[in-house]
Amino acid sequence: MIIAQLTDLHLRTGGELTFGKVDTAAFMSAAVAAIGRLDPAPDVLLLTGDLVDNGAVEAYSLLAELLAPLEFPVRMLPGNHDARDAMREVFASTDYLPASGFLQYESDIGPLRLLCLDTLVEGKTYGHLCAERLDWLQTRLAERPEDPTVIALHHPPCPLGIAMDSIGLVEGSEALEKIVAMHANIERVICGHVHRTIHRRWAGTMVTAAPGPAHQIALSLESSQAFRIIMEPPSFHLHVWRPDTGLVTHACLVEDFPVAHEVRV
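Going left to right, the sequence shown walks through residues 12 to 276 as my numbering numbers them.
Put into structure tokens, the structure is as follows:
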């Protein structure tokens, strides 16, 4: 099974640039085209939050237009820049987004089970998992304790040693860690928010944060420093699950590069 993951799209409409400089719509169009060219094709495209930059219905409509060429399923969850009601309004025809409440759901595509969490606190940058959302996860995990499972959320569930730790999952992290640690079938916890590829061992599994298809955040190993938006190459993650390897993650660049030499093995 192959999961393509895009995160932190930060779409704006009407040609408006994010930060006054970044044409996120053009970058997203290029990313969708790159993922559409993959061979073999992904089984699903997962969007892990900050789909738009200001929660506008019009921006979600633009997202729907950009995703239209894809011939495989799409799943999405909210980040801190998103708005639940606007997401529901535009993607009301989907069969996976809950009609009310938190945007948490499970999805079975192929042999891997996907559990999507909603860490959004509307109007805030940080993330939160309340008792209701955590209880939902605990119930879902208890239902199928043997099935290989990926948990997806926007905010990293644990500190990563960078400045953005202060606006990560600041409420519910310890409870989530206890839940995840009880389930050996969790292949990975995947997230976004930090605009970088970062891996960390946590709660008996791995946490993998993905970069963005437009702007990134400069590497800084000082958690007290302010973070800087930079134009490192647009990227996405490709998660490949096989029974003999478990989940293997590839960091992919959107840009297509020429072949220098072909080696046969």
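We treat Cβ as the ideally placed atom computed from N, Cα and C, and that holds for glycine.
These numbers come from a predicted model, not from an experiment.
Beta-bridge pairing by DSSP links H250 to I14 and T260. DSSP, read as helix, strand or coil, puts T105 in coil.
Under the three-state reduction of DSSP, G25 is assigned to coil, being neither helix nor strand. Here the alpha carbon of L140 sits roughly 48 angstroms from the alpha carbon of V276.
Looking at the backbone, the Cα of E69 and that of T24 are separated by about 7 angstroms.
Of the candidates L249, A220 and V259, the residue whose Cα lies closest to the Cα of D176 is A220.
Nearest to L114 by C-alpha distance, out of V191, A103 and R48, is A103. Within 10 angstroms of the beta-carbon of M242 lie fewer than 16 other beta-carbons, which makes it exposed. Selection A97, G134 and W147 evaluated against Y116 yields W147 as nearest (Cα-Cα). Taking a 10 Å sphere around the C-beta of T150, we find fewer than 16 other C-beta atoms and assign the residue as exposed. Counting only unbroken stretches of 3 or more residues, the beta strand (DSSP E) elements lying wholly within the region 24 to 73 are 55 to 59, in sequence order.
P53 is the residue among P269, E76, P53 and F238 whose C-alpha sits nearest the C-alpha of W252. The beta carbon of H250 sits closer than 6 angstroms to the beta carbons of I14, L258 and T260 from its chain, once the five residues preceding and following it are set aside; these are given in chain order.
With respect to the 8 angstroms criterion, T18 and G60 are classified as neighbours on the basis of their beta carbons.
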